[in-house]
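As structure tokens, the structure follows; a few thoughts come after it.
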Amino acid sequence: MSEQDFGSLGPDRPGTSESPDAESNGSGGWRPPWRRQEPDRRDERPLGGLPAQTYISDSPRGDSRLEEVVPGVVLASGPGTHLHGNVDVVAGSIHKLIKETRKRDLLEGGQLDRGDVLGQPFVREGQWAEAWQQALAPDVPRPRQRVTVVVAPRSFGATTFALRLLAEHTDGATALVKLDADWSTPTQGRLPLEEEHAYQLDLKDLETDRPSADFLNSLSGFADDLETCRSYLVLTVAEELWDDRLTTRKGMHVVYLTEPPNAQRVVEAHLNAAGRAPLVAELRSFPKARASLQGLHAVAAVRAAGTIAMTWQEHKRLQDARTSSTSYQSAPADADLSLEDRITAALSDWREHLDRLFGELATTHDAANPSLTLEDRCLLLALSVHQSAPLPTVANTARVLQQALAPKDAGNPSGLSPAQSAFAGRGLRRRIQDVGAAVGSHDTVLFDRPAYGRAILEYVWDNYEALRQEMLAWLVQSAGSDTADPSVAALSTLVLRHGTATHFNTLGTIARETRPDLLSAVLDVAVHDEHVGRLAWDVLYRWAEQKDYALTVISTCRRVLHDGSAHASTAKRAMVRLRRIAHTTNESALRRSVLKTFEELADLPSGTGRLVAEVRDWQQSKASPKSGSLAFMALMPVQADGVPWLMSDSAPDIDVQRALQDLLSTQETTAEIIPYLTGWIRTCAPNPLSYGRLRDQLLPALRDHRLFHAGMELMGALADITTPQGVNVAEDFYQHLVDPRLQQVFSLTKTPA
134 MSEQDFGSLG
144 PDRPGTSESP
154 DAESNGSGGW
164 RPPWRRQEPD
174 RRDERPLGGL
184 PAQTYISDSP
194 RGDSRLEEVV
204 PGVVLASGPG
214 THLHGNVDVV
224 AGSIHKLIKE
234 TRKRDLLEGG
244 QLDRGDVLGQ
254 PFVREGQWAE
264 AWQQALAPDV
274 PRPRQRVTVV
284 VAPRSFGATT
294 FALRLLAEHT
304 DGATALVKLD
314 ADWSTPTQGR
324 LPLEEEHAYQ
334 LDLKDLETDR
344 PSADFLNSLS
354 GFADDLETCR
364 SYLVLTVAEE
374 LWDDRLTTRK
384 GMHVVYLTEP
394 PNAQRVVEAH
404 LNAAGRAPLV
414 AELRSFPKAR
424 ASLQGLHAVA
434 AVRAAGTIAM
444 TWQEHKRLQD
454 ARTSSTSYQS
464 APADADLSLE
474 DRITAALSDW
484 REHLDRLFGE
494 LATTHDAANP
504 SLTLEDRCLL
514 LALSVHQSAP
524 LPTVANTARV
534 LQQALAPKDA
544 GNPSGLSPAQ
554 SAFAGRGLRR
564 RIQDVGAAVG
574 SHDTVLFDRP
584 AYGRAILEYV
594 WDNYEALRQE
604 MLAWLVQSAG
614 SDTADPSVAA
624 LSTLVLRHGT
634 ATHFNTLGTI
644 ARETRPDLLS
654 AVLDVAVHDE
664 HVGRLAWDVL
674 YRWAEQKDYA
684 LTVISTCRRV
694 LHDGSAHAST
704 AKRAMVRLRR
714 IAHTTNESAL
724 RRSVLKTFEE
734 LADLPSGTGR
744 LVAEVRDWQQ
754 SKASPKSGSL
764 AFMALMPVQA
774 DGVPWLMSDS
784 APDIDVQRAL
794 QDLLSTQETT
804 AEIIPYLTGW
814 IRTCAPNPLS
824 YGRLRDQLLP
834 ALRDHRLFHA
844 GMELMGALAD
854 ITTPQGVNVA
864 EDFYQHLVDP
874 RLQQVFSLTK
884 TPA
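So the sequence shown is numbered by the working numbering: it starts at 134 and just counts up by one.
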């Protein structure tokens with residue numbers, strides 16, 4: 134076999150080394166690893182009276198004498214230095230020492246863009262303005278203490294208050310980080326600590342977030358560490374979790390939000406931010422609509438802004454439809470309502486109107502009695518979900534709900550069959566008109582009233598608790614294959630309604646096996662919701678270690694990572710959940726699903742950076758080795774100038790040889806990585822220069838005697854690859870790796886293993 138095209142083998146060529154270390158080391162003939170030469174002990178002179186092999190230089194360049202007289206000392210050139218072989222001491226420069234060095238089990242968080250936070254609508258007046266000043270130091274525009282606790286009732290906007298406080302009153306170089314409270318109880322040891330960071334953490338879960346006196350005592354000492362690092366922490370605590378006996382400690386300051394911001398001002402701020410300035414001017418001229426906003430808390434005010442915008446669009450569509458003779462055969466009953474009346478009704482949730490429709494039990498329709506019969510209530514719910522849709526679709530959806538609610542063993546007291554009972558009642562067209570919709574041409578139901586439809590769903594959900602599970606099952610069953618189906622929006626509205634995990638778990642039990650795609654679509658909406666997003670992420674975190682939900686978690690995280698508009702912190706949360714699945718599962722199918730998701734991520738502009746960070750965290754013992762290895766394999770197909778990116782001149786700062794050795798050291802991961810290594814070599818084989826360079830880079834990683842079996846498997850997989858010069862790649866690797874004296878014992882199989 135000619136080596137002329139691939140460069141000199143150097144000391145790796147069999148029989149060329151005169152060093153005794155090149156002899157067999159009893160490891161089965163596999164090439165021995167590099168081993169440093171022992172120094173002459175007679176010339177050792179300890180420095181400063183310290184024993185040999187214990188010196189660490191505090192000079193940036195170290196002391197050259199260490200290299201001369203102290204064996205096992207390596208001078209590190211920087212934090213990215215990779216070490217191979219037997220190293221006793223690493224000497225470098227320690228510029229600073231942060232007390233918190235532990236990286237495992239710390240709360241995860243995502244960094245927020247300061248400009249994005251400052252660009253969000255925000256109203257600071259009244260009691261909020263007072264609390265704001267209380268949180269600030271009197272002499273400088275900085276938080277009064279390193280730890281600030283904001284106590285407020287739920288839905289008052291405490292998180293917005295805290296993030297805005299940090300964004301306005303910390304240095305521009307300070308990183309804003311929103312933490313996720315993935316813990317069973319508040320513990321100071323789980324809080325991260327980095328220089329120039331401003332952390333915000335919500336404590337709102339009744340079961341896991343209640344702060345104790347011990348936790349607050351430990352925060353007092355933690356405040357000193359924050360001071361040293363020029364960092365801040367703001368905790369927002371739900372009012373029912375805070376005990377007034379938990380008085381302020383040293384280094385902490387507690388502020389209370391006792392009133393929400395003015396609801397109308399919040400609505401106007403959000404409408405202006407959405408480019409609805411003309412609507413703001415109209416709203417100010419509607420006294421009844423403004424009266425409906427009084428007393429709303431911050432979250433309700435934000436939702437009211439969305440309702441007003443939706444109602445305005447609905448009003449415009451109805452007005453436009455009235456001018457078209459082909460759009461409607463008959464207009465809805467409320468088509469003549471003014472915009473003010475429509476907004477007022479939307480803000481009041483039509484509760485009085487719906488109280489009449491869902492009044493006492495009605496067995497037949499009566500013009501004098503507005504209460505709807507059971508079948509009409511099912512029809513109205515179907516309309517609230519589908520809005521304007523083909524008549525058969527609406528009728529079928531209503532019928533499915535009615536059948537689901539009917540007792541399985543109940544007889545018909547009238548003695549009529551179901552078909553006879555239906556035929557004896559009002560026709561579908563009449564029933565549709567009676568519930569406030571119209572029927573247009575081509576048998577299309579016209580119910581273009583999304584705000585009213587949402588109010589109907591929420592009214593039934595809130596007032597008929599026994600119906601909730603059946604409603605969720607009905608929506609899952611009636612949803613189409615397209616995740617943009619209106620049932621997804623309806624399900625999202627309902628499971629997010631009360632801000633608890635109960636509805637997520639109920640929906641998960643119903644949909645995890647039959648409609649995992651629909652379940653992940655609903656969760657994708659939930660994780661982006663500013664009010665229950667953290668709750669949804671917590672649910673996904675718990676589901677990540679449950680086999681029945683793992684595919685749903687993977688699908689949801691995949692949606693988030695493929696969303697180009699997703700915030701970096703959101704993408705990081707998705708990576709944490711995928712990491713948890715990889716770490717906890719023993720199912721090869723789930724591991725392949727995570728790997729496939731990572732491979733898709735590697736094709737995205739921002740994906741390679743996230744995968745490189747995962748590999749780096751693995752090699753720095755900050756992340757799961759199972760997840761890090763999958764991220765590494767997902768990066769292996771990435772190309773740069775016709776060669777594997779990880780082996781190119783532009784390769785990222787990760788230890789590729791160490792990763793390869795780790796993956797080839799176990800039978801399971803060996804089977805996974807060999808196809809990727811084969812792909813590398815197959816790509817480079819046509820180019821002698823690229824192939825020779827890749828081979829020489831791979832050989833050191835394969836020479837570990839523990840990887841003998843993996844190396845033989847790799848060479849078996851390479852048997853069908855030949856270079857343009859006629860060199861069989863498997864034979865080439867075989868000659869470089871297997872001692873000539875043992876080649877008769879360990880023969881190379883010419884067919885792939």
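Where a beta carbon is used, it is the ideal one built from N, C-alpha and C, also for glycine.
Residue i: first and last residue of the uninterrupted beta strand (DSSP E) it sits in
i: Tyr389; result: Met385 to Tyr389
i: Gln244; result: Gly242 to Leu245
i: Ala371; result: Tyr365 to Ala371
Assigned secondary structure, residue i (DSSP; H/G/I helix, E/B strand, else coil)
i: Lys421; result: helix
i: Lys755; result: coil
i: Asn820; result: coil
i: Pro777; result: strand
i: Glu156; result: Since pLDDT at Glu156 reaches only 39, below the 50 mark, its modelled position is unreliable, and the value read off the structure follows with that caveat. If DSSP states are grouped into helix, strand and coil, Glu156 belongs with coil.
i: Ser276; result: Per the sequence shown, residue 276 should be read as Pro rather than Ser. DSSP places Pro276 in strand when its eight states are reduced to three.
i: Ala306; result: coil
i: Asn350; result: helix
i: Ala285; result: strand
i: Arg194; result: Caution is warranted here: a pLDDT of 37 is assigned to Arg194, below 50, making its placement in the model unreliable, and no coordinate value can be reported.
i: Asn638; result: helix
i: Thr320; result: coil
i: Gln397; result: helix
i: Gln876; result: coil
i: Thr517; result: First, the residue type needs correcting, since residue 517 is Ser and not Thr in the sequence shown. Ser517 falls in the helix class under three-state DSSP.
i: Pro325; result: coil
Closest Cα partner of residue i within the set the options
i: Val665; options: Cys362, Leu627, Arg645 and Gly573; result: Leu627
i: Gly322; options: Leu352, Leu339, Asp304 and His302; result: Leu352
i: Ser425; options: Gln876, Ala396 and Gln610; result: Ala396
i: Pro523; options: Phe580, Arg559 and Asn861; result: Phe580
i: Glu258; options: Val250, Tyr597 and Pro393; result: Pro393
i: Leu768; options: Gln753, Ala756, Ile787 and Lys755; result: Ile787
i: Asp509; options: Arg297, Asp474 and Arg564; result: Arg564
i: Asp865; options: Ala818, Glu447 and Glu603; result: Ala818
i: His330; options: Phe348, Leu336 and Ala308; result: Ala308
Bridge partners - residue i, DSSP secondary structure assignment
i: Pro523; result: Thr577
i: Asn502; result: Asp499
i: Lys311; result: Gly243 and Gln333
i: Leu269; result: Pro276
i: Gln772; result: Pro777
i: Ala571; result: Leu579
i: Thr855; result: Asn861
Extent of the continuous alpha helix (DSSP H) run through residue i
i: His842; result: Phe841 to Ala850
i: Ala722; result: Ser721 to Ala735
i: Leu892; result: This structure does not reach residue 892, given that the chain is present from 134 up to 886, and the question cannot be answered.
i: Ser702; result: Ala701 to Thr717
i: Thr633; result: Element bounds for Thr633: n/a, residue is neither H nor E.
i: Val593; result: Pro583 to Asn596
i: Gly666; result: Gly666 to Trp676
i: His869; result: Val862 to Leu870
i: Val693; result: Lys680 to His695
i: Pro649; result: Pro649 to Val660
i: Val256; result: Per DSSP, Val256 belongs to no alpha helix (DSSP H) and is neither H nor E.
Exposure of residue i, with buried meaning 16 or more beta-carbon neighbours within 10 Å
i: Ser611; result: buried
i: Lys449; result: exposed
i: Pro497; result: Position check: residue 497 holds Thr in this sequence, whereas Pro was assumed. Burial call: exposed.
i: Lys383; result: exposed
i: Thr380; result: exposed
i: Leu870; result: buried
i: Glu846; result: buried
i: Ser517; result: buried
i: Tyr682; result: buried
i: Val273; result: exposed
i: Ser317; result: exposed
i: Thr477; result: buried
Cβ-heavy atom distance, residue i to the ligand ADP, below 8 Å
i: Ile589; result: No copy of the ligand ADP occurs in the structure displayed, which carries no ligand at all.
Test: residue i CB closer than 9 Å to a CB of chain C
i: Thr380; result: Of the chains in the structure shown, none is chain C; there is only one protein chain.
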